[in-house]
Structure formats: structure tokens, C-alpha cells
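Enquirer: Let me give you the structure first, and then I'll get to my questions.
2 protein chains.
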Amino acid sequence: MTEPSPPDPRRAALMSAAADLFFERGYAATSIDAIIDRAGGSKRTIYALFGSKEGLFEALVRENTERMFGAALFGGEELSLEATLRDFATHLLELFTNERTVGLYQVVVAEAGRLPELAASFYRLGPERGRAWIAQVLERAAARGEILPCEPDLAAGQFLGLVRSDVYYEIVLGLRGPLSDAEIRHIADAAVDTFLDGMRPRG
Amino acid sequence: MTEPSPPDPRRAALMSAAADLFFERGYAATSIDAIIDRAGGSKRTIYALFGSKEGLFEALVRENTERMFGAALFGGEELSLEATLRDFATHLLELFTNERTVGLYQVVVAEAGRLPELAASFYRLGPERGRAWIAQVLERAAARGEILPCEPDLAAGQFLGLVRSDVYYEIVLGLRGPLSDAEIRHIADAAVDTFLDGMRPRG
DNA sequence: GAGGTACGGTAATGGTCGTTACCGGATTTG
DNA sequence: CAAATCCGGTAACGACCATTACCGTACCTC
Numbered sequence: 015m016t017e018p019s020p021p022d023p024r025r026a027a028l029m030s031a032a033a034d035l036f037f038e039r040g041y042a043a044t045s046i047d048a049i050i051d052r053a054g055g056s057k058r059t060i061y062a063l064f065g066s067k068e069g070l071f072e073a074l075v076r077e078n079t080e081r082m083f084g085a086a087l088f089g090g091e092e093l094s095l096e097a098t099l100r101d102f103a104t105h106l107l108e109l110f111t112n113e114r115t116v117g118l119y120q121v122v123v124a125e126a127g128r129l130p131e132l133a134a135s136f137y138r139l140g141p142e143r144g145r146a147w148i149a150q151v152l153e154r155a156a157a158r159g160e161i162l163p164c165e166p167d168l169a170a171g172q173f174l175g176l177v178r179s180d181v182y183y184e185i186v187l188g189l190r191g192p193l194s195d196a197e198i199r200h201i202a203d204a205a206v207d208t209f210l211d212g213m214r215p216r217g
Numbered sequence: 015m016t017e018p019s020p021p022d023p024r025r026a027a028l029m030s031a032a033a034d035l036f037f038e039r040g041y042a043a044t045s046i047d048a049i050i051d052r053a054g055g056s057k058r059t060i061y062a063l064f065g066s067k068e069g070l071f072e073a074l075v076r077e078n079t080e081r082m083f084g085a086a087l088f089g090g091e092e093l094s095l096e097a098t099l100r101d102f103a104t105h106l107l108e109l110f111t112n113e114r115t116v117g118l119y120q121v122v123v124a125e126a127g128r129l130p131e132l133a134a135s136f137y138r139l140g141p142e143r144g145r146a147w148i149a150q151v152l153e154r155a156a157a158r159g160e161i162l163p164c165e166p167d168l169a170a171g172q173f174l175g176l177v178r179s180d181v182y183y184e185i186v187l188g189l190r191g192p193l194s195d196a197e198i199r200h201i202a203d204a205a206v207d208t209f210l211d212g213m214r215p216r217g
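Just so you know, the sequences run in chain order A and B. Take the first sequence: its position 26, counting from 1, is numbered 40 in this note's numbering, and each next residue is one higher. Take the second sequence: its position 121, counting from 1, is numbered 135 in this note's numbering, and each next residue is one higher.
The following block contains the structure:
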């Protein structure tokens with residue numbers, strides 16, 4: 015799909031400018047002229063490299079998804095279950111609440127109706143990898159008896175939701191800025207505690 | 015804010031057509047002409063009633079948010095904690111995975127950058143009411159010793175995330191259609207079980 | 001050093017769309 | 001019944017914008 019193209023500075027500048035604008039203002043509100051004003055170069059270059067505005071947008075989404083989510087987040091060697099979950103929750107929150115990642119998600123949601131395959135490939139290249147990994151982690155933990163038997167995929171989805179909690183919902187709506195490290199740690203720890211032990215008093 | 019206007023069939027027809035189009039195709043991709051084609055009437059009526067395309071959009075979002083989320087979902091008299099949570103989870107999933115609600119959310123997210131106050135009022139009039147109610151329920155349960163002491167707001171956010179889990183994320187991206195009643199029950203029950211007791215074996 | 005190619009800048013084209021103006025008929029009002 | 005108001009339909013206006021064409025220059029090749 016992506017040829018191992020030699021690094022092209024014009025292409026990189028376009029991508030960077032396009033990311034700034036598309037992620038901040040959305041697809042429709044971003045004009046080709048605005049991208050050129052920011053990146054320099056000329057429109058011919060965009061059409062030579064990407065064919066159309068939509069082509070640029072799709073390339074942008076795909077490459078950013080891979081770059082953001084590909085960063086070796088998922089699948090390190092396993093520590094204890096609890097430590098693994100804590101690690102994952104922290105990294106997940108860092109990633110998901112990052113301004114760029116939020117912008118990417120917002121614009122993919124906004125265009126999901128018009129470009130369903132793009133939304134699907136975003137999910138597959140991005141969030142689904144984390145989900146699949148956690149499902150595996152949980153499945154192995156269940157086999158070892160460290161957690162109750164469960165449907166690993168359902169449980170993984172629960173854990174993701176628990177970590178994102180309502181904070182992510184607010185962030186996506188633009189109601190909260192990015193989280194501090196302390197907030198991230200607090201939410202991640204609370205999520206792992208609840209996921210493993212629940213809120214009901216033991217014993 | 016909203017005068018108790020007498021029911022105006024032209025206004026209602028416009029609202030309904032606008033909802034179909036805005037929620038399905040988004041703000042920019044919906045033209046005034048398309049709304050008129052579907053609703054009948056003339057553009058003059060839109061500009062007389064709403065002033066502009068954006069005015070129509072804002073009225074649409076506000077009224078639909080109130081209508082969808084106002085439906086006495088939150089705050090019924092309390093059963094047992096567990097039954098209350100199960101009820102709430104089921105209703106929340108029914109509401110959030112409903113096609114209309116998803117469309118509303120998508121378009122609010124898409125325009126959140128351009129219309130931040132609209133996104134804020136959507137959250138306040140809608141999801142926040144459920145969150146505040148659950149926080150109260152949890153606070154009382156903690157006072158009774160039925161659950162561990164907790165920060166009620168944090169715990170409420172966790173519960174919401176746990177119920178939405180990853181399924182909602184997928185639905186918002188358009189990757190899944192609405193859920194069947196059986197799926198809703200399954201996910202809601204699993205969420206309550208995990209929230210109360212966690213995944214770790216007891217004893 | 002000559003010829004050609006690549007590229008940035010700018011203008012032109014064609015279409016869409018929000019908004020406003022105009023027209024004719026229907027309905028209401030005195 | 002006459003006058004005025006309302007409203008649907010259509011056209012006009014102006015702006016924006018994706019896309020393409022054109023032009024001049026700089027660099028690269030031979």
C-alpha cells in the first residue's frame with residue numbers, strides 16, 4: 015500500500031500543515047489554499063502527490079494513525095497482570111488525550127458517514143490493536159486463574175471503556191484540555207483497581 | 015430561553031428534515047436547498063424562523079438534546095444499588111446506541127471546534143445529567159457502606175465508560191449498527207458485574 | 001553553455017451554496 | 001368585495017473553493 019518512498023521534504027511539509035488545519039478545523043473548513051499558505055509550495059504539488067483534496071486527507075489519516083498508534087505501545091513483554099494493565103492504561107490515556115490524537119479522532123468521526131472505509135481502517139490500524147492485545151493478556155490471565163473466566167474480547171472492551179471513562183468523552187467534545195501526568199496516573203490507577211476488584215467491599 | 019411557542023407545523027417539518035440531513039451527512043454537506051426539498055416550504059421560512067443556517071443548526075441540536083436526554087431516564091426512585099445500576103446501564107445503552115443519538119453526537123463532535131458553546135451545552139443538557147445522577151447514587155451507596163468509599167464523580171465517570179465500553183467507540187465511528195436488546199442486556203449486565211465485583215477471583 | 005524539466009506563483013474555470021430579492025396566488029381582514 | 005398580508009417557488013447575487021491552465025524562473029542534464 016505505502017511504497018517505501020524516499021523522504022520528500024515537500025510532502026512532509028504538506029502533511030504537517032494539513033494535519034494542523036484538518037485536525038483543528040475539520041475537512042470542509044480547510045481549503046487547499048490555506049494548506050499551501052502554511053506549507054509553502056504550490057497547489058500543483060498537492061495534486062501531483064495526492065490527486066485531490068480527499069486523497070491528501072486519506073493519506074494524512076492513514077499515516078498519522080500508523081505513526082501515532084504504531085509507537086510500540088501495545089505488546090511489550092508481560093510483567094504481572096496488574097503491572098501490565100497499569101502500564102497499558104497509562105499509555106492509553108497519554109495517547110488518547112493527546113491533542114493530535116483527539117483531533118484525528120474528531121475528524122475521522124466527522125467524516126465517517128462520507129468515508130466509512132477510512133473510519134474502518136483508522137480503527138483497525140489504531141485502537142483495535144490495543145484492544146486485541148489486551149484481550150490476549152486477559153485470556154492468558156484467565157487461563158492462569160488470575161482472573162475469572164471471561165469473554166476476552168468483551169472484557170478488553172470493558173477495560174478500554176473504564177480507562178477512557180467519561181473524561182475522554184468530554185475531551186472529544188472539546189470541554190477539557192489535555193490531562194496532566196498526575197491526572198493520568200490517578201485515572202489509570204483507579205481504572206485498574208476497579209477492573210480487578212470492583213467497588214463492592216470484599217469479604 | 016425557549017419561549018413556549020405554539021406548535022408550528024412548518025417549524026416541526028423543518029426540524030425533522032434538518033435532523034435527518036444534519037445527523038446523517040453533517041453540517042457542511044447539508045445544504046439549505048436539500049432541507050427545503052425534504053421539508054417543503056421555502057427558504058424564506060427558514061430565515062424567518064432561524065435567521066441563518068447556523069441558527070437552525072443550533073436550535074436543532076439544543077432541542078434534540080433536550081428531547082432525547084430529557085426522557086425521564088435519570089433519577090427514578092431508587093431500587094437496590096445493583097438494580098439501579100442495571101436499569102441505568104440498560105437505558106444508557108439504549109439511548110447512546112440509538113441511531114439518532116449517535117448522529118447528534120457525531121455532528122456535535124464535528125462542529126465542536128467551531129461552536130464550542132454548543133458542544134458544552136450539549137454535554138450539560140445531556141450526558142452530564144446522567145453522570146450527576148449516578149454520582150449521587152454512588153455517594154449514597156458509599157455512605158451506606160454498600161460500596162467502598164470513593165470519589166463519586168470519578169466513580170460515576172468510570173461506570174459510564176464501563177457501560178459504553180469499546181462498543182460505543184465503534185458505533186460512533188460507524189463500524190457497528192445499533193445493538194439488539196439481547197446485546198444491550200449482555201453488555202449492561204457485564205458492566206455492572208465488573209463494576210461491583212471486578213475480575214479478580216474472590217476469597 | 002543550451003535545452004529541457006520541475007516547481008512556485010497566479011489567474012481562470014466551473015460549480016456549489018448561503019443569503020436576499022422578486023413574483024404570483026391564497027388566505028385573511030375590514 | 002377590496003386590501004393587505006403571508007407564503008411557496010424561483011431566480012439573482014456574491015462569495016468561496018476545488019481543480020486546471022498558464023507563465024516565468026531556477027536547476028539539472030548533456
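A virtual CB, placed ideally from N, CA and C, is assigned to each residue, including glycine.
B:Ala97: buried (16+ other C-beta within 10 angstroms of its C-beta) or exposed?
Expert: exposed
Enquirer: I'd like to know if B:Gly220 contacts chain A, where contact means its C-beta is closer than 8 Å to some C-beta of that chain.
Expert: Residue 220 of chain B is absent from the model: chain B starts at 15 and stops at 217.
Enquirer: Assuming the contact rule is C-beta atoms closer than 8 Å, A:Phe83 and A:Arg143 should be a hit. Round their C-beta distance to whole Å, please.
Expert: About 6 Å separates the two Cβ atoms, so the contact holds.
Enquirer: Pick out whichever of A:Pro21, A:Leu193, A:Ser135 has its Cα sitting closest to the Cα of A:Glu80.
Expert: A:Ser135
Enquirer: Out of curiosity, what's the CA-to-CA distance linking B:Thr115 and B:Val186?
Expert: 10 Å
Enquirer: Checking contacts by CB at 8 Å: is B:Leu210 closer than that to chain A?
Expert: Judged by the 8 Å Cβ criterion, B:Leu210 is in contact with chain A.
Enquirer: Could you please give the first and the last residue of the uninterrupted alpha helix (DSSP H) stretch that includes A:Tyr61?
Expert: 57-64
Enquirer: Are the C-beta atoms of B:Asp203 and some chain A residue less than 8 Å apart?
Expert: no
Enquirer: Output yes or no for whether 8 Å exceeds the beta carbon distance between A:Leu210 and B:Met213.
Expert: yes
Enquirer: Measuring alpha carbon to alpha carbon, tell me which residue in B:Leu132, B:Asp47, B:Leu107, B:Leu109 is nearest B:Leu74.
Expert: B:Leu132
Enquirer: Can a CB atom of chain B be found closer than 8 Å to the CB of A:Ile161?
Expert: With 8 Å as the cut-off, A:Ile161 counts as an interface residue toward chain B.
Enquirer: Counting only beta-carbon separations shorter than 8 Å, does A:Thr16 have a partner in chain B?
Expert: For A:Thr16, the predicted structure reports a pLDDT of 42, less than 50, and the residue's modelled location is therefore unreliable. A value from the coordinates is still provided. Chain B contact via Cβ: absent.
Enquirer: Whole angstroms is fine: what's the gap from B:Lys67's alpha carbon to B:Ser179's?
Expert: 35 Å
Enquirer: For the putative contact between B:Ala27 and B:Leu70, defined by C-beta atoms under 8 Å, what is the C-beta separation to the nearest angstrom?
Expert: About 12 Å separates the beta carbon of B:Ala27 from that of B:Leu70, a gap too long to meet the 8 Å contact definition.
Enquirer: Where in the stretch 89-141 of chain A do unbroken runs of the alpha helix (DSSP H), each at least 4 residues long, occur, reported from the N-terminal end onward?
Expert: 95-111, 113-125, 130-139
Enquirer: Note down, in chain order, every chain A residue with its Cβ under 8 Å from the Cβ of B:Gln120.
Expert: Val123, Ala124, Ala126, Gly127
Enquirer: What is the C-beta distance between B:Arg128 and A:Ala43, in whole angstroms, given that I count them as a contact (C-beta under 8 Å)?
Expert: 7 Å
Enquirer: Taking all protein chains shown into account, decide if B:Arg216 is buried (16 or more other Cβ within 10 angstroms of its Cβ) or exposed.
Expert: exposed
Enquirer: For A:Phe173 and A:Ile148, which I take to be in contact (beta-carbon distance under 8 Å), what is that distance rounded to the nearest angstrom?
Expert: About 6 Å separates the CB atoms of A:Phe173 and A:Ile148; that is less than 8 Å, so the two are in contact.
Enquirer: Please list, in chain order, the chain A residues whose beta carbon lies closer than 7 Å to that of B:Gly171.
Expert: Ser179, Asp180, Val181
Enquirer: Which two residues bound the contiguous alpha helix (DSSP H) that contains B:Met82?
Expert: Per DSSP, B:Met82 is one residue of the alpha helix (DSSP H) stretching across 67-84.
Enquirer: Mind checking whether A:Ala170 and A:Leu152 have CB atoms under 8 Å apart?
Expert: yes
Enquirer: Counting only beta-carbon separations shorter than 8 Å, does A:Leu109 have a partner in chain B?
Expert: No - not a single Cβ of chain B is within 8 Å of the one on A:Leu109.
Enquirer: Report the three-state DSSP secondary structure of A:Asp22 (helix, strand or coil).
Expert: coil
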